[in-house]
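Residues in the sequence shown are numbered consecutively from 1, following the UniProt record's numbering.
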Amino acid sequence: MKYFITFTVIYSVAVQNCASAQGLAEYKFLYDNFPGVVSNRMWVSGQEKPIGNWIYSTGPEKDAQMYTVAGDKTFGYINWCTGEPGVGGGEPAIEYFSEGTCFNNVGTDTRRIQYICEKNYNQYEPFLQPSPISGGLTTVLVNDQFPIGYEPSNLTITLSKVSGGPTFECANPTYLTNPNRITCIMPPGESSLYNVVFVDGEYNGASLYQYLPPYVATLYPKGFTQNSNLTITGNGFGNNPAKIQVSLPPNVACNKIQILKEGTAFQCTLTKDVTQGLFPVSISVNSFGAAYTKAPFFYNSDSSFYTCFYSKTSISQTVEYINSQKVEGMPGVLGIVSSSAQYNFLKSGCGYIIENAVVQPLGDLWMNAIFNETTNKYYTIHGPNYGKETSFWTSSPLTSYYNASGVQFSLRSGVASEIISPDITSGSAFTSFKAVSQQVNITQPTIILVSTTGQFVQLTVQNLGTTFSNIKMMLSDGNSYPNTYIDYDTQTIGFNIPPGINGPFDATINQYGLNNTGSSLTIDYFSPNILNTSPLATDGLGLVVSGTNFTDKIQNIKMEVQIGSDWFQCTSCQVLQDYYQIRCDAPVSFGSRNSRITIGLKQSINYILDYERPVITSMTPIGAAGGLVTVTGTNFYINDTIITLKVGPNQCTGVSMSVQHKQFTCVMAPGNITDVASISLDAATNNSAQTPYNFGYSAPVVTNATTVKYLKGGFVTITGSYFGNYYLSVKIHNQSCLNPVSDVVGEQIVCNFTGTVDGFNSPDGLFVNVTVNGLTGGANVFRYDFPECPNNCSNHGVCIKGQCKCDKGWELYNNCSSQGDTGGPPTPGTNGTGSLNGKGFNFTSAITHIREIDDKSVPLIETTLPMVVANWTLLETSNKTHQQLEGTFGNVSKSVISVNVTLYLQSTTIEFAGQTIDIPANTLKYVVAMRNWTFASPLNSLQIIFSATAPKSTEVGCSTQDSTATNGYNEFQVIAGDSVLQAKFANGLIVDNRVQVATVTPLDMSDPLMQAANKGNQSLFTQMTAVVSPAFEHRCVVDPSFRTLINTKDTQSCSGKDNRWRNITIIVVCVIGGCAIIVASVIGIRKSIANRKYRQEMKMKQIGSNSP
């Protein structure tokens, strides 16, 4: 961090701590922040050391060059006052002259004036010295802040415009000692202010940077009046006239800029008369510039340049200064005034000085003449004509010719005078320069390599002429290029070589129409170089090649790939980025291949072009029996004979290309593993996939199975995928399905199943398990077929899925064998009960119990809930046709039962659990929901038990018949004489919002509940049926319905007691997919008990695979 303080001191104190400012921006900061100081005179950092050369005396710029008289070169911001700096006379200090807001060199006397003191508490503040806008080697001054032997390998010097823009580096930092410094190479830039950051991990710093200001070398005034043209040569002007500003004293602008030679010469037009000379001439480019006081200006009459500037030196000291002056290759010679016209020209053009507060021309120019008392003639004392007789013009004749040490000329009066030693020992410099037509000399053979994008090239030579000596480079191909840059200090010239190709070309430097002497010069464009290529698929399409030294003309580009010993040219080439990037279609290939690019006649070195390795994106799944697999991906090439695909040890054979580069098929050997699918093209090239693809043989998937009749069995067709005749086995509910055979495509198996497995407890279907080569898969898809309709519905109905839909009037029995009609509307009772009309009596229906059973269907007695203990609440009633009840069980159970009872007086259809159900007229329908049941085991089930009652026996015609019960799939019937109570249950139930196939189980007489209801009861017959729900978390819902039917057929009358028969009729009717069997015995009393297999068969009357 910097701090600035003001003091009033003598020069010897100020010179130690003066604030330094390398550019106008820093001076402006000081002006803006210390207006009280800058409104007076103040000391400025800088001192003359040695004579004619000023350096910074303080700050990070300490010892860096500020200004040199030789060539009038400025290296920073030095705004000299008119006529300054004076040379000699003991004036090494620099003072800010507030009256002219300019700098003046003064003596180091004991005057006390103000200065701005700069204190820098950041010890690391390197100073990057300015370089020309053409770039080049420059120096970082570090003022002993780096240790001896510092290694700058980690140092980066990064620059960016203060106004914003991309960053760039001063390249190749190199540490040097004696003095301690670092050098680096600046790229070309433009006049602007830059931030520069130094970073090496240990020493970090920042400062400002600007390129060297534009330099004025010579002036060509066409006149000194308004609208006269002035031509200025030098360097650093750029090529944008809008950025160039020129002014002369006092406040004479030179506008209407026209570029004559890019960067080195332009012309402007004076806006006013020049009344105080041409100097200092101020020039800026992009607001960055400097003032020049000693630039030679051209006098057309003798084709010479002249400069004159204030100094206080003897003639011998003046000659020393003049010997150091060389402008645009022209050495300086002490001048002489030869005519009145020349006098007027010099008076108008030479810089004025401020003397005795008056701005006036110089009055003491030393001239190149001395009087010889012996010959009474004047002779030259300097230059190539030394000792030759000469003469000069003066407006007034000299009066003395004796003891003279030299001759001075006054531009104020036009009078020449002899200077008699030792009266006057000092005067001002007057220099003439004259261009000499000479050939450029190249000192050593030189080959310059040029980018095909074009390039600025520099060449160090000897004998450079002026800016307008028409220097140009001529090539053997007939092209010639004017020079755009000249540095006369280093004898360097620069040329902009345009984009091109081929070479080498012999080159000559032509100056004044004369070709160079000395050694040879060759210009050669670089050969192309491939840096990288885009990923290249085996189809070769869209190859992008990036590199250097390409061209912008597609006809000059040839890209080739070597396959075998032959080279194949890419097609459809196009330029993506001039000189750097092309796109083309390469030949179809794979692996690594040599490639090269030819630009014109120049060929690149070979570049290894890698085609992308094959990549598998998908493989069609196959079963463990193996089979045809389709492999999809990229970069498979076009030759299926070189493709090798393996999954672990299993190889895929018979490769056949389906889509070139993208897809092929092959036959995979049987297997049961999951492993990496490795693919390679031509295994000898190791061109295998880099991205692994895991492939696993697929286990069989079972989706469907055909049905057979229970206990009859037959052939079952199993549908799915990934089947195969390789170690194939099939089981249905753990029972083998014999002789399985898969089709060729692995989607169907046919096997022989006995049909003896009990499927009663598998409402979702029996599990079909398929195993192929050790991999197993299956699903619950097997169901027994619908039974045949009983008695073919007795020709009074239609058989639908094993169930008779009887014609109207023939609905008494489910086989449509007897006439019957509705018994009339039922009467809903309380607490979910119902009364249904029989012939001369009433049936009853009710929900009587809830109980849990284990996985072996054994009831858990402690969980049985009789409905008589429920506390019922009537939630809703409507027109005596609808009730909604809810029952709770107090401390007995947290369970809740909801019963919705609806009386349908007319036939209709409803939806429940995805099933459309026909509801006949005069049906009493229930929807029962059970919730909050806590199961002892998730494997247990819940039974919701419905009961129906009828008289123990009834009189029918001449006989007395006992009441009986029959059951079928999802239904039961109670038959009491000519009356029948039908109870039907929906095919599905809802378990936790999921539909499952309903299981309806009639309780036999061995069940404790049936025993309790029927044993010892002489008047009533009771049948109980349970709807079974698997364990649930929230609730289950079931849907039964009840109605009665009465035989409408006339009954035979009886004549006496002897005609009375006692019949027991067993009628088994399967509803919705069951069957009906009617067995009647009319002789005596007969009780038939079905054996176990018969009962199982009745239980297995299922609705088949289409049941919801």
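Idealized CB from N, CA, C, for every residue including glycine.
- DSSP links Cys102 through a beta bridge to Phe97.
- The three-state secondary structure of Phe266, taken from DSSP, is strand.
- When DSSP states are grouped into helix, strand and coil, Gly349 belongs to the helix group.
- When the five nearest sequence neighbours on each side are left out, the beta carbons in the same chain lying within less than 8 Å of the beta carbon of Ser589 are those of Thr538, Gly540, Val561, Ile563, Tyr611, Tyr637, in order along the chain.
- In the DSSP assignment, Ser316 falls outside any beta strand (DSSP E) and lies within the alpha helix (DSSP H) extending over 315–324.
- According to the DSSP assignment, Gln16 belongs to no beta strand (DSSP E) but to the alpha helix (DSSP H) extending over 11–17.
- Take the alpha-carbon of Val928 and the one of Ser898: they are about 6 Å apart.
- Every unbroken stretch of the beta strand (DSSP E) spanning 3 or more residues and falling wholly within the stretch 826–883 is given here in chain order: 834–837, 842–853, 871–878.
- With respect to the C-alpha of Leu141, the residue from Leu128, Pro296, Val772 having the closest C-alpha is Leu128.
- Beta-bridge analysis with DSSP links Glu811 to no other residue.
- Nearest Cα to Arg111 within the set Arg41, Ser131, Pro50: Arg41.
- When only Cα atoms are considered, Ala986 and Ser678 end up about 56 Å apart.
- Lys256 and Thr269 do touch by the CB rule: their CB atoms are close to 4 Å apart, below 8 Å.
- Counting C-beta pairs with one atom in each stretch, the stretch 1000–1015 and the stretch 771–784 have fewer than three that are closer than 8 Å, which means they do not touch.
- Relative to Asp682, the option among Phe168, Asn639, Glu26, Lys347 whose CA is nearest is Asn639.
- The beta-bridge partner set that DSSP reports for Phe309 consists of Ala429.
- For the pair Phe889 and Ala1031, the CB atoms are not nearer than the 7 Å cut-off.
- When Gln245, Tyr211, Gly351, Val252 are compared, the shortest CA-CA separation from Pro280 is found for Gly351.
- Just so you know, the alpha carbons of Tyr11 and Cys308 end up roughly 29 Å apart.
- Here the C-alpha atom of Tyr512 lies approximately 19 Å from the C-alpha atom of Thr231.
- Taking 7 Å as the cut-off, the beta carbon of Thr313 is found no closer than this to the beta carbon of Thr467.
- Relative to the Cα of Tyr580, the nearest Cα in the group Ile554, Asn549, Val741, Ile597 belongs to Asn549.
- Between the stretch 71–79 and the stretch 287–301, the count of Cβ pairs shorter than 8 Å is three or higher; the stretches touch.
- Assignment of Cys170 by DSSP, reduced to helix, strand and coil, places it in the coil class.
- DSSP places Ile642 within a helical segment (H, G or I) once states are collapsed to three.
- In the structure shown, the three-state DSSP call for Val38 is helix.
- Of the candidates Val1027, Asn344, Glu418, Pro331, the residue whose Cα lies closest to the Cα of Gly277 is Asn344.
- The distance from the Cβ of Ser893 to that of Leu865 is about 6 Å, consistent with a contact at the 8 Å cut-off.
- Using a C-beta cut-off of 8 Å, the stretch 863–880 makes no contact with the stretch 961–975, since fewer than three inter-stretch Cβ pairs fall below that distance.
- Under the three-state reduction of DSSP, Glu1033 is assigned to coil, being neither helix nor strand.
- An exposed status is given to Asp477, since fewer than 16 other beta-carbon atoms sit within 10 Å of its beta-carbon.
- For Pro692, same chain residues with a beta-carbon under 7 Å away, outside a window of 5 residues either side, are Val676 in chain order.
- Between the stretch 85–95 and the stretch 362–376, the count of Cβ pairs shorter than 8 Å is below three; the stretches do not touch.
- Looking only at Asn795, Val716, Glu202, Gly797, the smallest Cα-Cα distance to Asn769 is reached by Val716.
- Assigned with DSSP and collapsed to three states, Gln1011 falls in helix.
- If you draw a straight line from the Cα of Phe841 to the Cα of Thr848, it comes to about 21 Å.
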